[in-house]
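Chemist:
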Amino acid sequence: MKKIIIAENDPNFKNDIAAQPGSESFMRCFTCGTCTASCPVAEVHDEYDPRKIIRMAILGMREEVLSSDILWMCSRCYTCAALCPQNVKFTDVISILRDMAVKEGYAPQERLDQARELDKAIQSLRCKIIDSKLHPDQSDSKEIIKALEDELKKEWQ
Numbered sequence: 020m021k022k023i024i025i026a027e028n029d030p031n032f033k034n035d036i037a038a039q040p041g042s043e044s045f046m047r048c049f050t051c052g053t054c055t056a057s058c059p060v061a062e063v064h065d066e067y068d069p070r071k072i073i074r075m076a077i078l079g080m081r082e083e084v085l086s087s088d089i090l091w092m093c094s095r096c097y098t099c100a101a102l103c104p105q106n107v108k109f110t111d112v113i114s115i116l117r118d119m120a121v122k123e124g125y126a127p128q129e130r131l132d133q134a135r136e137l138d139k140a141i142q143s144l145r146c147k148i149i150d151s152k153l154h155p156d157q158s159d160s161k162e163i164i165k166a167l168e169d170e171l172k173k174e175w176q
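Numbering (my numbering) for the sequence shown: 20 to 176.
Have a look at this one:
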């Protein structure tokens, strides 16, 4: 475990985040864990913990947060935001942190563009899967498989 030395952190980081539309309430987080418990990414990736990201941001750990690959794991499903008892819009905070990471040189613009493309593809695929479950007689599972294969081919090229 790394020792956190507050004097070495950026005390304005939390204010920089809170000043952005959509993240005004992020400092209300009291680390109840609802976001992490409900997160589909945290369910399959032990390292992903939304409340840890919030806590690091509040503590001023700008470089650690903005340079972290964890920022790019969020699937932007909004489950955490929907269930948060403090009304923290974590998905919006992630978007803001991603933008900050690019603007401040911690990540290339291409990463942000790829994340946005992937978010769109994942949501489209999710909708197709849900539709196939709701209307099994009208759906074509081959279409879902093809969409997934097409997305994977793009990633490996």
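We put the CB at the ideal spot given by N, CA and C, even for glycine.
1) Is it true that the CB of Arg74 sits closer than 8 angstroms to the CB of Thr50?
2) Contact between the region 139 to 151 and the region 107 to 124 is defined here as three or more beta-carbon pairs at a separation below 8 angstroms; is this criterion met?
3) Short of 7 angstroms in beta carbon distance, which residues of its chain neighbour Glu123, apart from the five on each side in sequence? Order them along the chain.
4) What first and last residue would you give for the alpha helix (DSSP H) that runs through Leu90?
5) Given a cut-off of 8 angstroms, decide if Val112 and Phe261 are closer than it, judged by their beta-carbon atoms.
6) Leaving out five residues before and five after Glu162 in sequence, what residues of the same chain have Cβ atoms less than 8 angstroms from its Cβ?
7) In three-state terms, what does DSSP make of Val179?
Modeler: In short:
1) yes
2) no
3) Leu85
4) Unbroken run through Leu90: none, as it is neither H nor E.
5) This structure gives no information on residue 261, because the portion of the chain shown stretches from 20 to 176.
6) Lys147, listed in sequence order.
7) Because residue 179 is not part of the residues shown, which for the chain are 20 to 176, the question remains open.
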